[in-house]
Structures are given as structure tokens and as C-alpha cells.
Amino acid sequence: MNKTTSQRFLDAVNVPLMLWAAALIVYGTIVVASATSGMADGSGMLVRHIVGIVVGLVPMALAWAFDYTRLRGWQGVLVAFGAFLLVSPRIPGLGVEAGGATSWVQLFGVRLFQPSELAKLIFIVVVAAVIASFKGRIDRPADAMKVMAFLAAAFGLILMQPDLGTGLVFVAITFIMLIAGGMKGRYFAVALAVAVVATIVVTQFHLLEEYQEDRLLVFIEPERDPTGAGYSLAQSKIAIGSGGLTGKGLQAGTQSNLNFIPARHTDFIFSVLGEELGFIGAVILLGLYLALLVSALAIATSSRDLYGAIIAVGVIGMWLFQILENIGMTVGMMPITGIPLPFLSFGSSAMVTNLGAVGLLLSVWSRRYGT
Amino acid sequence: MSTYRQELRGRFATLGIVIVVVLTALLVRLWTMQVLNGESYAAKAENNRVREISLEAPRGRIFDRNGVPIVNNRSALAVSVDPTHEDVRSLRLRARNDDTADDPTRRELDELFGEFGGMLGVSATDIFERVNDVNQEALRPRVVAVDAPKDVVAQLLERKTDFPWVHVEEIAVREYPFGSLAAHVVGYAGSISEREFEDSDEYAGYELGDIVGKAGAERQFEGVLRGDKGWRRIEVNASGRPQGIVDEQAPRPGNDISLTIDIELQRVVEEQMSDAMAEARRQGYGSAKAGAAVVLDVTTGEVLALASAPTYDPSVFLGGISKANWQTLTAKESEYPLNDRAIMAAYPPASTFKVITAIAGVNAGITTESQTYTCTGRWTAMGQQWPKSCWKRTGHGTVSSRSGMKYSCDIVYYEIGYEFYKRKLEELQAQARAFGLGTVTGIDLPGEVSGRVPDAAWKKEFNANYPEYQLWLPGDTVNMSIGQGDMLTTPLQMATVYAGIANEGIIMKPHVLKDVLDSEGGVARSAEPEVLRRTGVSQDVLAMITRSLVDVTRDGTAQAAFAGLSAQVAGKTGTAEVMGKDDYAWFCAYAPAQEPKYAVVVVLEQAGGGGAVAAPAARNILASLLGEPVKTVRARDDSR
């Protein structure tokens, strides 16, 4: 097949995906600008947010240009690098503690990024390769166990940080990839049973850090911690609810600007959006997410092989779970965890990771016809 | 391979459904919160961001009849302690629990408040007492010192870290340019106590700890003086730090009022009372420490002066009275200075009551102005076994009704009283009641008592448990005819009796409020003269009484006291016998006798004879009213 350069380019570009991702990034930047406007170094933070976007274009381009099918051959290296990323915050001189968890790395005193964010993408690629090797059918317990072993390793390392929220993202990614990979229904039933038992064991024997237990349980019992997690939740709900249909206007949210919402530019960015742009603003956001996820699903469907499809599904799972968990926690549907809202939350690590994920999707898309 | 593709498509479709379900679930939740319940969340957000603080309304000022301020407002620096601060709260909680062994020790209190108290000159225990005061809104800072020296305040503010529980604020306090003068008329203000707050509807709309009038005009005219609180809604951030004012409603200051009191006359009255008591003590009446005086305008009922001794300084109540001061003010040894004896004390009126006996006697046809009686000093008309004496044991000889008044001869009134007894009509009581005795005058001051006009029914009921004392005896009416026995009147009541005689038998309702002023200083509302009662006594009889009362000051029992006064004064001395106490001195008068304008009553507890100390005081009060020189009168006089 002979193709012109422009045809090859158009083949490589998935316009809807890029359009929706760009729209989300712009939308997010507007809300971050509003959320940080009243902060001490508001404009500086906005610049950092934009720098994060620009920096994120590099891994996006690299992932796009790289033929994902060749990643399979790097499995060992990726596993090692992924493990290193998850362990790195624990390495003396490299890790740094923030917000009760050691989930950052720094060099020469400069805080660099959250390795667990980048680890999500490596995890997707690695586990996708494992699942794809089962050729679309996972009906042997050993196969399922193999995947679970990867999950358990990653989950365990993240819990040690401890960062329960990010750990749950890995769980969600794994399960959604397993669906696409053809795991039998009864294995899901077993996994669910194991999860329930594990949860009971963990809560009964207080294996979790107290703050984690509080965070998990406060959305069931808000009085558990009225000034901590319960306070955050109550204030977030007030912010979002008080936004009403049309919102109070950018920078006009009283809950946001008077510091009632903690971490309003990061984990609770949706509370700011809900308060200032109202239900209409929230509908626009959810609409953009729907469009983004549908575009990603189209890419998964178009993939020429199962590996590419499962990578795409992994990205969808990551985004969908983070959307559900993040927005869900701000409205009291989900426990409070520290997971950023894709493309919206302030934070370069997450932005770079999400743009890298876009790159992975584009890599799958641009190679749908084979080379 | 195609089935595999189909299977995969099925899985993607499932994934698509999951995506839609998740996003729809969030959408529904948001719809419920933002659209359906948006308003209630908006209210919560508003509640979060806005704090309302109330703005105290300046209390109305109180002026005398000539516009001289008796009670003013000024701002003062108040140093208070935050009872909710952790260090303070823990001690309070320990003092509150039932376990007294756990109460904070003196040492602990000194540790916390010692230095702070030292700077203000207040003991640590006193501070703790204030802080622990339950009569305050729980969160309100407790004022421990008003008018602290500026340098001390500055130090306290600088050392915020040492005294994190200290607040300094400017508060409006009452100012009394005349000190204790007219204290019983103006009264004092203080915070509402928990009991007052809970037990009555009077303080609906107030908050615990609000400043309210507690006595006198401050209390009587609370509704006028109080004004309306304002409020300010401030925006606060999550740490409660104010960000700005949302909106505010300025307080409406209370109305100023002017009283009928003439503060200069009041000064004369109080000086005369205290001089008279000093004189009584000099004459050997060592317990002469208390009394009351009233000056009325007989034609309008205006109270020109009203005094009670001992008095108090209302400024001790500023910022809350200390326990020690309160104990002093309520102690028996202090003679209860907070009581306004002019309206709250009921004394036997003694000979000042004889005017009513005389009027009743003439009205009943028992006596006439010229009817004569023989006074031997001893009276046995009720039988040899029930002898009674005239105060003048040597007797007055032959006396008429008229000269009986002049010399205050008891025998004359025993005779009249005994006649009343024999008629069994209780006409003397009726006459007393016609002059308003036995009921309150209704003066616009709180706490007035009604006194007592004894009669057969009263005595039966009063002695319900002592059957042998229930019968009304001849001696009861006879004693009553000279204002003794069970007869009790307040100084104010006797003032209205004499004012009524002076005002052609019409008693005007006594009142202290002259005008309620509006915010521009104009008159919003004036107290109009009001007829309290028409006694129905004929002008001839009243003229007869006036003649006999003028005799009293001209050449009768008050002759010495009134020497040198050119105006004609109608007056009557009284010397009340009180069981176990020295005699109480009375003098009731009105002047000028021919065209009366003023009625004056002076009562001095345990000060001896009315002619000796009460009459000279009244004389000088009248002299001051009528523009004549005030002079020291030393009337060593046994006359009653």
C-alpha cells in the first residue's frame, strides 16, 4: 500500500481524541486559574500548571511515535523500571514525604514528580502484554493468578507509601483490562469475594493507617472526623450544591475562595468547578469526559491486535475510575482519597501521565493498519 | 477468528455501557445536589461565610428637669478574659463539676491569673469568679476591669503570647457626673442574670449578659432607654478571620429621657438629710443612719427630689459589680443602701397622720376646729386599766382641735379616735384610704410598697393563727388616730397626702418622668399631669387644716426649726415609736401655705423627735425651693 505523507499523517492523528483532550486541558486550566487566583502565589501556580502541560507533550509525542507493539520485547526492562518507580520514594535522599505519604521523589531538594503516576502507564503496558498473551481467553486459574500477582505486587508497593487511592486505581485498571482480556465471570466473583474478605480482615484487625481508615469510612460516617476528612467532604458538598444550576461565576465561589475547600486546586478541583460553574459546568465536563472515553474506546476497537486494544482499555479504565472516584468523593458517593481528576487537577505528574496515556492511545490508533 | 472479534466487540460494548452508567450516576447525583437541593446548600454556604455580630445600641441618657445630664454614656477600655480559651476553660470545668476536691487551687489560679491580675489590681480569685459567672452568655468574654490604665492595656496587648485569653475592647458604659446623687431615682444598670433571663418574659429579645436597667428609672424606662441592637454581617474565611463587611444594620440608640428631678434641689435634699442625721447622732441618736425625703410639685405630681439614705455609687456596677461590693451593698450592717426607702419603706406615720384624723373627725361631726379638750398628760377614757399618755407628760391643759395640731397633743386625737371606735364605722380608715394610704401611689419607679391601713378585717386575718389577738380593740383605733399601732405609710404616700391637702383635696399622681426625648433632642412625648384621686374633702375643712398646720411652724412644735423663714409653711412633725429602736423623726409640709406649690416629706430613722431633726431639714429644703437662705438650725427641741 502506497500512501502519501499527508495521508499517513491523517492516519496517525485521531482528531476526536486530541480535540477532547485539548478541550479538557483548556477547561481545566480555566478552573485551576480560578481556584488559584486567591492563593498566595496564584499566578505562579498557573504558570506551573501550563508548564506541566507543555512538558507532558514530550512523553505524548514519544509514546505516539514509538510502535507500541515493540514494547512487548521490553517487558523485563519495563517491569524493573516500574518496580523502581514504585520503590523510589522509599530510597533515602530521593523520596520525600508530603501529606502523610511518601509518594514523591526529589533530586537536589527539588520535588520532581510522583512516580506512582508514571507507574500507572508502565503497569498498563506490562499487564496488557500479559493479558494479550492469553489470546482473549482467561479460563485457566494460573493465568488469572499471574495477572493478580502483578496487581498484588504493584498494590503492595503503593500501599507502603502509603497511597491507598492510587493503589485502587491499579485495581480498577487491572479489572477493566481483564474484562477486555476475556476473563471468566466466575473469576470475577472469586476476586470480589477475596476483596470483601480482605476488606473485612483489614478493618477488623486495623491493618490500615488510622487516617486511611478514617478516609475510607468517613463517607459512610461523616461524624467520624468532622474537622478532617468529614469536614472536607461537608465543605465540598456545600460548595458543589450551592453552585446550583449556573454557578456563582469564576472566582466568585465563596466556599472556594474563603479556603473552606481544602486542596481546592488539586484533589478538590471539581468542587470549585461545581460551585463556580454550577450544574451546567459539570454537565459540560462530564460531556467532555464521555467524548474522550468514547474516542478512546473507538481506538481500542480499531486496534489491529489484542495488545493494543487492552492498552487502550487500560487507559480508559484508569481515566474512568479516576473520574468516578474523584468526582464521586467530592459529592459523597465515594471515599475520600487523594486521586487527581484527569486533565483538570493542578499537578504536573498527573498531567504528564495523562498526556503520555494520550500518546499511548495515539500509538495504538496510528498503527491500526499495521506497518 | 470472527467469533473472537465478535466477543471482543461485545466486551467493548459492555465497557461503553460501564462508561455511560458511571457518568450518568455522577450526573444524577449532581442534579440532585445542585438543582434539586441547591438552595439549601446555598444557605449553608452563606452560613459558612457570614458571621453575624450584634452591635450594642447606646443606652439613652437621663437628664434632670433642666436638661442637666445625670446619667451619661462614655466609652471605656474593658479588659476581659475569654472563658472559652483552653487554659481558662479547663479550670472552669473543674470548678463546675461536683467534685469539690477537684476545684482549682489558689495556687493554680495565681499561676494563671496572678500576674495579669497584679497588673490590673484584681486578685486571681476575683478574676476567676468573674470568668466563672454563669450569668453571662457562655461565649461572651468576661469583663474583669473597666478603665484599666492605658499603659497596662498596652502591655497586655504586647504580651499577647503570655495572656492569649485576654481581650481588650472599647465598651460604652454609664457615667454619673453627680456620683451617687439621685442614685435611687436613676437606679443602675447591669447584666441580666440567668435567673432573670429564664424566669420572666420581660427579657424576651435580649441575650444573656445584656446590660439592662436593674433599679430606678433605668429599670422603669428600660424599654425607652434601651434602643434596638444593630447587627453586622461579616464575611469570614475558613479560619474565621474576617474578610470584610457584608452588610450591617446600625443600632438605634435608646431615647434620652428627662426626669422631673431638679438635680440642684436633689443635692440640697441629700445634704440636708445627711446634716440632719449627723446632728441627730450628735444629739445622742447614734443609730441615725437612714431615711428618706420626697419633694413634690403639688399641682402636677412631679417629683422634684427623691432621696434615700444611705445611698450608693451606681458606678460600682460598671462592667459587673465585684462580689465584695455586692456583699457590702446587701449587708444588714450597711442598712441596705440599694433600697429606695422613699417608696420601699413603710413606717408608722405618727403625728403626721393627725391631719387625716382631724379631717375625718370634722367630717364625721365628732369634732370642730374650736372644740376643746383637757390634756392632763394622762388619758384613761378607755378605763383605768388602759391608761394612755400624751407625749407631753405634764399635759397641755385646755386645748382646742386647732391647737391640738399645733402642739401635737395626743389626747385630742385619742378622744376623736375613741369616738370613731365607738361608732364602729371605720370612718377613720375610710378617710385614710381616701387619701390613698394602704395602696401604692403608682409612681413610675419600681418596687413601691403599699403600706397598711389596719382595720378589723385585716387584724383578724393577720392574726389568723393567734385567735386571742384577732379582736379589734378600742386601743387599735386610738393608736391609729395618732399614726401609731399597725398603721404604716411610705414617705412618698405621706407626701401625696400633704400634697392633696395643699392642692384643694386633689392628689396628683406622683411621677419622675418628665419627657421622652427624640434623637434630635426634641420632646417625643411628655408625661401629662394626672389626677390620682379626689379626696372629696371640702375646701373649708382643708382651710382649717392649713390654718392649724401653719400654727405648727409659726409657734408650734416646729417653731424653732422654721425660725427666720419668711414664707408661710404648713407642716407637721411626727415622732414614730418603733419597738426596740430609737424614735423615727418625721416632718411633712407644704408651702407657701396660702398658694401651695411644694410638698416636702423628710423621715429619718432612729433620729429622735420630728421637730428636732426632720423639721430643720425640711425647712432648709423649702428655703431652697422658695429662694430663701439655707441655714444650719440646731433645734434641740423635745417637741413632737
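Residue numbers (our numbering), protein chains in the order written: chain A, 1 to 371; chain B, 1001 to 1640. Just so it is clear, CB atoms sit at the ideal spot from N, CA and C, and this is done for glycine as well. Since this is a predicted model, take the numbers as computed values, not measurements.
Got a sec? Which residues, its chain only, sit under 6 angstroms from B/Arg1073 by beta carbon, not counting five neighbours each side? First, the amino acid is wrong: residue 1073 of chain B is Asn here, not Arg. The residues are Pro1058, Ala1172.
Going by CA-CA distance only, name the one from B/Glu1595, B/Gly1627, B/Gly1571 that's closest to B/Leu1616. Looking at the sequence shown, residue 1616 of chain B is not Leu but Pro. Here the closest residue by C-alpha is B/Gly1571.
Selected residue, minimal CA-CA separation from A/Asp11, among A/Ile316, A/Gly328, A/Ile299: Measuring C-alpha to C-alpha distances from A/Asp11 to each of A/Ile316, A/Gly328, A/Ile299 identifies A/Ile299 as the nearest.
Helix, strand or coil for B/Arg1159, going by three-state DSSP, please let me know. Coil at B/Arg1159, not helix or strand.
Can a CB atom of chain B be found closer than 7 angstroms to the CB of A/Pro226? In this prediction, A/Pro226 scores a pLDDT of 49, lower than 50, which makes its location untrustworthy; no coordinate-derived value is stated.
Measure the Cβ-Cβ separation of B/Gly1442 and B/Lys1509 and say whether it is below 7 angstroms. Yes. Within cutoff.
A/Phe205 in three-state terms, based on DSSP: Shown here, A/Phe205 sits in coil according to DSSP, grouped into three states, outside any helix or strand.
Is A/Ser37 close to chain B, meaning its C-beta is less than 7 angstroms from at least one C-beta of that chain? Taking Cβ atoms only, chain B never reaches closer than 7 angstroms to A/Ser37, which makes this a no.
Option in B/Ala1182, B/Val1246, B/Leu1208, B/Ala1280 with minimal Cα separation from B/Met1270: The sequence shown places Glu at residue 1270 of chain B, rather than the Met named in the question. Among B/Ala1182, B/Val1246, B/Leu1208, B/Ala1280, the Cα nearest to that of B/Glu1270 belongs to B/Ala1182.
I'd like the span of the beta strand (DSSP E) that includes B/Met1033, first residue to last. Per DSSP, B/Met1033 belongs to no beta strand (DSSP E) and is neither H nor E.
Would you mind sorting A/Gly281 into buried or exposed? The rule is 16 or more other CB atoms within 10 Å of its CB. The residue is buried, with at least 16 neighbouring Cβ atoms inside 10 Å.
Can you give the beta carbon distance from A/Thr353 to A/Leu118, rounded, assuming they're within the 8 angstroms contact cut? 6 angstroms between Cβ atoms; contact.
With A/Gln75 and A/Ala132 assumed to form a contact (beta carbons below 8 angstroms), what rounded beta-carbon distance in angstroms separates them? No, A/Gln75 and A/Ala132 are not in contact; Cβ-Cβ is about 11 angstroms, not under 8 angstroms.
Alpha carbon to alpha carbon, how far is B/Val1153 from B/Glu1530? Give it in angstroms, no decimals. Counting only the Cα atoms, B/Val1153 lies some 52 angstroms from B/Glu1530.
If contact means a Cβ-Cβ distance below 8 angstroms, which residues of the stretch 1013 to 1038 of chain B contact chain A? The stretch 1013 to 1038 of chain B vs chain A, Cβ under 8 angstroms: Thr1014, Leu1015, Gly1016, Val1018, Ile1019, Val1020, Val1022, Leu1023, Ala1025, Leu1026, Leu1027, Arg1029, Leu1030, Trp1031, Met1033, Gln1034, Val1035, Asn1037, Gly1038.
For chain B, find out if any of its Cβ atoms is closer than 7 angstroms to the Cβ of A/Ala65; answer yes or no. It does not: the Cβ of A/Ala65 has no partner Cβ on chain B nearer than 7 angstroms.
Contact list for B/Gln1006 against chain A, beta-carbon separation under 8 angstroms: Result: empty, since nearest Cβ-Cβ is about 11 angstroms, beyond 8 angstroms.
Compare the C-beta of A/Leu320 with all C-beta atoms of chain B and state if any pair is closer than 7 angstroms. Cβ-Cβ to chain B under 7 angstroms: yes for A/Leu320.
Label B/Tyr1652 either buried or exposed according to how many other C-beta atoms from any shown protein chain fall within 10 Å of its C-beta, with 16 as the threshold for buried. The structure shown does not extend to residue 1652 of chain B, since chain B is modelled only from 1001 through 1640, so no value can be given for it.
Is there at least one Cβ from chain B nearer than 7 angstroms to A/Ile280's Cβ? Judged by the 7 angstroms Cβ criterion, A/Ile280 is not in contact with chain B.
Three-way DSSP call (helix, strand, coil) for B/Trp1391 in this model: The three-state secondary structure of B/Trp1391, taken from DSSP, is coil.
Specify the secondary structure class of B/His1396 as computed by DSSP and reduced to three states. Three-state result, B/His1396: coil.
Could you tell me the alpha carbon to alpha carbon distance between A/Pro226 and B/Glu1052, rounded to whole angstroms? With a pLDDT of only 49 at A/Pro226, under 50, the local geometry of the prediction cannot be trusted, and no value is derived from it.
Please confirm if B/Met1001 has its CB atom under 7 angstroms from at least one CB of chain A. Unreliable positioning characterises B/Met1001 in this predicted model, as indicated by a pLDDT of 46, which lies under 50. A coordinate reading is not provided.
Could you please give the first and the last residue of the uninterrupted beta strand (DSSP E) stretch that includes B/Pro1242? Taken as a continuous stretch (DSSP letters only), the beta strand (DSSP E) holding B/Pro1242 covers 1242 to 1249.
For the beta strand (DSSP E) that B/His1167 lies in, which residues bound it at each end? First-last of the beta strand (DSSP E) with B/His1167: 1166 to 1175.
Strictly below 8 angstroms CB to CB, what residues from chain B border A/Ala180? Result: Leu1008, Arg1011, Phe1012, Leu1015.
Exposure label - B/Gln1006; buried when at least 16 CB within 10 Å: It is exposed - the Cβ of B/Gln1006 has fewer than 16 other Cβ atoms within 10 Å.
Would you mind telling me which residues of chain A sit closer than 7 angstroms to B/Ala1305, beta carbon to beta carbon, in chain order? What B/Ala1305 touches in chain A: nothing, since even the nearest Cβ is about 59 angstroms away.
A/Pro226, DSSP secondary structure in three states: Because the pLDDT at A/Pro226 is just 49, under 50, the model does not fix this residue reliably, and the point stays unresolved.
Quickly, what does DSSP pair B/Gly1291 with across the bridge? List them, please. Answer is B/Ala1309, B/Leu1604, bridged to B/Gly1291.
Take A/Ile238 and list the residues in its own chain whose beta-carbon comes closer than 7 angstroms to its own, dropping the five residues that flank it on each side. Result list for A/Ile238: Gln255, in chain order.
Helix, strand or coil for A/Arg264, going by three-state DSSP, please let me know. When secondary structure is reduced to three states using DSSP, A/Arg264 falls in the coil class, being assigned neither helix nor strand.
Report all residues from its chain with a CB closer than 7 angstroms to the CB of A/Leu245; omit the five preceding and five following residues, and keep chain order. Excluding sequence positions up to five before and after A/Leu245, its CB lies within less than 7 angstroms of the CB of Gly278, Phe279, Ile280, all in the same chain and listed in chain order.
Neighbour flag for B/Arg1049 against chain A, beta carbons, 7 angstroms: So yes, B/Arg1049 belongs to the interface.
What residues from chain B crowd round A/Gly82, counting only those whose CB sits closer than 7 angstroms? For A/Gly82, there are no neighbours in chain B by C-beta distance under 7 angstroms, as the nearest C-beta there is about 24 angstroms away.
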